[in-house]
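Student: My questions will all concern the structure given below.
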Amino acid sequence: MLPALQPKQRLLVKRLQTSGKPPSPGSVVVCHHPSDHDLVITKRVWKSTGSWLELRGDNQGSSTDSRHFGQVPLEHVIGVVTAVIPALGNPSDKN
């Protein structure tokens with residue numbers, strides 16, 4: 441999700457209600473990858489078709505997203521990012 445999100449930043453995520461409306465385009469969501477449920481990904485909602493989401497990464501030249509793995513079912517979404525918490529420590533420290 442570069443450049444919007446940086447390594448080591450933490451995200452505040454509001455859980456998606458199972459009976460609630462789907463996240464709107466432009467929202468950033470945390471969800472399970474459609475083909476590997478153990479892999480959690482963070483992507484931006486590009487398009488919502490009710491029970492399915494098309495997700496894209498902000499760095500579209502190098503992002504693996506719905507253009508590669510297809511639409512993601514709404515039940516795979518963990519929640520919507522509501523805030524980004526800056527990384528602790530020295531910003532020049534990349535470890």
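Converting from the sequence shown to the numbering used here requires adding 440 to each position, the first position being numbered 1.
Glycine residues also receive a C-beta, built at the ideal position from the N, C-alpha and C atoms.
1. From this set, VAL469, ARG507, GLN500, which residue's C-alpha is nearest PRO443's C-alpha?
2. Please state whether the Cβ-Cβ distance between SER467 and PHE509 is less than 8 angstroms.
3. Among residues of its own chain, excluding the 5 on either side of GLU551, which ones have a beta-carbon nearer than 7 angstroms to its beta-carbon?
4. Roughly how many whole angstroms lie between the Cα atoms of GLN449 and VAL524?
5. Taking 8 angstroms as the limit between beta carbons, can you name the residues of its chain near LEU514, skipping five residues before and five after?
Tutor: Working from what's here:
1. GLN500
2. no
3. Residue 551 lies beyond the range of the chain shown here (441 to 535); nothing can be said about it.
4. 7 angstroms
5. LEU456, PRO462, GLY490, SER491, TRP492, LEU493
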